[in-house]
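Participant: Pasting a structure here, questions to come.
Residue numbers (my numbering): 961 to 1107.
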């Protein structure tokens, strides 16, 4: 082996640490600060403009509303929210459906009508997603809700 003086050893250690840090950062598409800022923009868009109500919403469409690539949006949803795109969108749709079901002014809508209003394309997907999210079918949820 080589005999290194203290300064050489410290320089090698510093390079090793720097390289391992670079390897970690290669896995990240964006910095933690950018991730949090973009997540905040995404949540603000979801809450204010409710793009999830569009039954034709796609990863690409949502990304274009945020002026970012669909790859970056997918990264944000996966890494910051811990969900895939469809889980993320459906979570918002179910929350909106729950609000509508509990709103006395929305009682003229059928449950299926509410499902369509919040962006679902099919009764089966609405019912299955609703039950998976809440533990109840939409009709059970409605019957258990107090207005």
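We treat Cβ as the ideally placed atom computed from N, Cα and C, and that holds for glycine. Small disclaimer: the values here were computed from a predicted structure and weren't measured.
Quick check: residue 1093 and residue 1051, are their CB atoms within less than 8 Å of each other?
Facilitator: On the chain shown, position 133 is the one that residue 1093 refers to. On the chain shown, position 91 is the one that residue 1051 refers to. Yes, they are a contact pair.
Participant: Ignore the nearest five residues each way along the sequence and tell me which others in residue 981's own chain have a CB closer than 6 Å to its CB.
Facilitator: Residue mapping note: residue 981 aligns to position 21 of the chain shown, counting from 1. A caution first: residue 981 carries a pLDDT of 48, below 50, which makes its placement in the model unreliable, though a value can still be read off. Counting only Cβ-Cβ distances below 6 Å, and skipping sequence neighbours, we find nothing.
Participant: If you run the structure through DSSP and keep just helix, strand and coil, what is residue 1067?
Facilitator: One-based indexing of the chain shown puts residue 1067 at position 107. Coil at residue 1067, not helix or strand.
Participant: Starting from residue 1090, trace the alpha helix (DSSP H) in both directions and tell me its first and last residue.
Facilitator: If you number the chain shown from 1, residue 1090 lands on position 130. Counting along the chain, the alpha helix (DSSP H) containing residue 1090 begins and ends at 1083 to 1094.
Participant: Taking all protein chains shown into account, decide if residue 1079 is buried (16 or more other Cβ within 10 angstroms of its Cβ) or exposed.
Facilitator: Reading the chain shown from its first residue, position 119 is the one you call residue 1079. Residue 1079 should be labelled buried.
Participant: Look at the alpha carbon of residue 999 and the alpha carbon of residue 1037, and state the distance between them as a whole number of angstroms.
Facilitator: Position 39 of the chain shown holds residue 999. Position 77 of the chain shown holds residue 1037. Approximately 8 Å, taken between the alpha carbons.
Participant: Measuring CB atoms only, is the stretch 988 to 996 touching the stretch 1007 to 1017, in the sense that at least three cross pairs come out at less than 8 Å?
Facilitator: Result no; under three Cβ-Cβ pairs closer than 8 Å.
Participant: Thinking C-beta only, is residue 1005 closer than 8 Å to residue 1026?
Facilitator: Working through the chain shown from its first residue, we reach residue 1026 at position 66. Working through the chain shown from its first residue, we reach residue 1005 at position 45. A contact, by the Cβ cut-off of 8 Å.
Participant: Within 10 angstroms of the Cβ of residue 1003, are there 16 or more other Cβ atoms? Answer buried if so, exposed if not.
Facilitator: Working through the chain shown from its first residue, we reach residue 1003 at position 43. Label assigned to residue 1003: exposed.
Participant: Just verifying my parser: in three-state terms, what is the DSSP assignment at residue 1059?
Facilitator: Here residue 1059 refers to the residue found at position 99 of the chain shown. Of the three classes helix, strand and coil, the one that applies to residue 1059 here is helix, per DSSP.
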